[in-house]
Every structure is written in structure tokens, then in C-alpha cells.
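Numbering (the working numbering), first residue to last: 2 to 144.
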């Protein structure tokens, strides 16, 4: 029995069924941004803005730090930071409505992306490198 005036958090008190509740551990809610180091800010901004169609939110071709976002306003921000690039870091995956049309768009602009293919996990996708060698993947769910 609790003494009058004792302060015991509700989640630590024993309930009718003998259960103790506990706080849920904190969890990541969403990815806010990803940052790539780039050697040539002008080339990188032009690639992400003009070729991939991302919106420039901050900085620009002459800046040492720039932020861009895909057309979905809920998308994570892609930051570009002037500096030394890192090889074999991983891959950034973009969702596309029509992977084959986007592949054609890139080929017509002189890029050489891998040929699109279907994956066992239910996506059609292809990979390519950005101007600094960061691996990008473009994917759409298979119907």
C-alpha cells in the first residue's frame, strides 16, 4: 500500500493486473537530411538542380554549402558541402514514377547509367554516379 503523499510515477505503480508499464524508448521519426562532400559545388548544384530537377533551398553554385530537396516537400534534404569526397560510402536511393523514362532522360543528357532491371524485392531500378562519384539509385515499385 502506498503511503499518503508519496509520489510514484503512474507508469511505475503496479496495476490491477500486476503489470508495470514502462516508457517507450525514443525512436528516429524521419531522416531530415543527408550530406555529401563535393569537390566542385557548381557542377554538383547544376547536376542535382538541372538534371535531377531538385529544388535549391539554400546556397548555390558559388557557395561552400548548399541544400536541395526533391519535389516531394516531405523528402529529406540533400546537403552538399565543399570538401574532399569519400569513396564507397553507400548509396542514396531516389523514388521515381517511371524509372525507364528517367533513365532515358539521363542518357539524352550524356550520362551513362546502368540499364534498368527488376529486383526480387519488388522494384525496378538502376544505378549511376553523380559528378563526385557518389552512387545514386533510382527506383520504382513493380506493379
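The C-beta atom is built at its ideal place from N, Cα and C for all residues, glycine as well. Since this is a predicted model, take the numbers as computed values, not measurements.
Does residue i pass the burial test, meaning 16 or more other C-beta atoms within 10 Å, or should it be called exposed?
i           : result
residue 67  : buried
residue 24  : exposed
residue 126 : buried
residue 29  : exposed
residue 87  : exposed
residue 120 : exposed
residue 26  : exposed
residue 130 : exposed
residue 109 : exposed
residue 104 : buried
residue 135 : buried
residue 97  : buried
State the DSSP-derived secondary structure class of residue i, mapped to helix, strand or coil.
i           : result
residue 62  : coil
residue 55  : coil
residue 144 : coil
residue 48  : helix
residue 93  : strand
Ordered along the chain, which non-local residues of its own chain (more than five positions away) have a Cβ less than 6 Å from that of residue i?
i           : result
residue 148 : In the structure displayed, the chain extends from 2 to 144; residue 148 sits before or after that span and is not available.
residue 95  : 139
Taking the beta strand (DSSP E) that residue i falls in, what are its first and last residues?
i           : result
residue 127 : 124-130
residue 39  : 34-39
residue 82  : 78-83
Within the continuous alpha helix (DSSP H) that includes residue i, where are the two ends?
i           : result
residue 105 : 100-109
Should residue i be flagged as near chain D, meaning a C-beta pair shorter than 9 Å?
i          : result
residue 54 : The structure shown has no chain D; it contains just one protein chain.
Here's a check: name, in chain order, each residue in its chain whose Cβ is nearer than 8 Å to the Cβ of residue i, leaving out the five neighbours to either side.
i           : result
residue 59  : 66, 67, 68
residue 100 : 117, 125, 126, 127, 139, 140, 141
Round the Cβ separation of residue i and residue j to the nearest angstrom and send it over; I've been treating them as touching at under 8 Å.
i           : j          : result
residue 46  : residue 62 : 5 Å
residue 114 : residue 44 : With a Cβ gap of about 17 Å, residue 114 and residue 44 do not count as contacting.
residue 93  : residue 53 : At roughly 11 Å, the Cβ-Cβ gap does not stay under 8 Å, so residue 93 and residue 53 are not in contact.
What residues in its chain sit with their C-beta under 7 Å from that of residue i, if we drop five residues either side in the sequence?
i           : result
residue 147 : This structure does not reach residue 147, given that the chain is present from 2 up to 144, and the question cannot be answered.
residue 31  : none
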